[in-house]
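Visitor:
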Amino acid sequence: MDTHQDGDELVFFYQIKEGVSTVSHAANIAALAGMPPKVIARGVEVSELLRNGKPIQHPDHSLREKQLQNCKSLVDKFISLDLDNLQLDLKEFMNQEVLPFSSSML
1 MDTHQDGDEL VFFYQIKEGV STVSHAANIA ALAGMPPKVI ARGVEVSELL RNGKPIQHPD
61 HSLREKQLQN CKSLVDKFIS LDLDNLQLDL KEFMNQEVLP FSSSML
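Dropping the structure here:
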């Protein structure tokens, strides 16, 4: 289908032409249909990944990766505590390290 880009607007000529389409107007159609911008952006992202033969990650993959790193960091801090130290205040550790971390995980 032939189209013309007029600024931000895509004008469709609604003529069927013989041959293979080299572009997709799915994002434009989705926007015209009122799809949420985040959904459209994700569709464009997945389309690009497929076109380039790259793996498709879950949208919050980077968030999960960050959470995993934060968990490992908290575990490392806990392991490094000297539990034989009578001056160690575990309540303080919980209040300063564990509780703030756990609320960020929700």
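Residue numbers for the sequence shown follow full-length UniProt numbering, beginning at 1 and rising by one.
In this text, a Cβ means the ideal position worked out from N, Cα and C, and glycines have one as well.
How long is the line joining the alpha carbons of Lys91 and Ser80, rounded to whole angstroms?
Guide: Looking at the two C-alpha atoms, the distance is approximately 16 Å.
Visitor: Residues in the same chain with beta-carbon distance under 7 Å from Asp2, minus the five sequence neighbours each way, listed in chain order, please.
Guide: Phe13, Gln15 and Lys17
Visitor: According to the Cβ coordinates, are Gly43 and Ala31 closer than 8 Å?
Guide: no
Visitor: Given 7 Å as the limit, tell me if Ser47 has its C-beta closer than that to any heavy atom belonging to the ligand NAD.
Guide: For the ligand NAD, the structure offers nothing, since it holds no ligand at all.
Visitor: Throw me the rounded Cβ distance for the Phe101 and Leu63 pair, which I believe falls under 8 Å.
Guide: That pair is no contact at about 15 Å.
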